[in-house]
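Peer 1:
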């Protein structure tokens, strides 16, 4: 399916917001981890959990999950 330039820009902006929120959350979690407990880097779990979500969001933004409107 071909997306309009407006739809493509909207989806791209949504992915950028998702990545920005993830980075901001990690910027809070990493120092918090070192304040609370230096022995175990638990902030990595947040990073690992966010990676597939951002990958799926990126795939959606690129149209991977879109269906052909004429046939399906």
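In my numbering, the protein residues as written are 37 to 108.
Heads up, the beta-carbon is just placed ideally off N, CA and C, and yes, glycines get one too.
As the structure is a prediction and not an experimental result, all values here were calculated from the model.
Check each candidate in 63, 103, 97 and 84 and name the one with the smallest Cα separation from residue 115.
Peer 2: Missing from the structure shown is residue 115; the chain here goes from 37 to 108 and no further.
Peer 1: Could you pull out every unbroken beta strand (DSSP E) segment of at least 3 residues lying fully inside the stretch 62 to 100, listed in chain order?
Peer 2: Whole beta strand (DSSP E) segments, 3+ residues: zero.
Peer 1: Between the stretch 48 to 57 and the stretch 69 to 77, are three or more C-beta pairs nearer than 8 Å?
Peer 2: No: fewer than three Cβ pairs fall under 8 Å.
Peer 1: Using a threshold of 8 Å, state whether the C-beta atoms of residue 65 and residue 82 are closer than that.
Peer 2: Contact: yes.
Peer 1: Determine the direct distance from the alpha carbon of residue 50 to that of residue 62, and round the result to whole angstroms.
Peer 2: Between residue 62 and residue 50, the C-alpha separation is close to 19 Å.
Peer 1: Who are the near neighbours of residue 95 in its chain, counting only those whose CB is closer than 6 Å to its CB and skipping five residues on each side?
Peer 2: So no residue of the chain qualifies.
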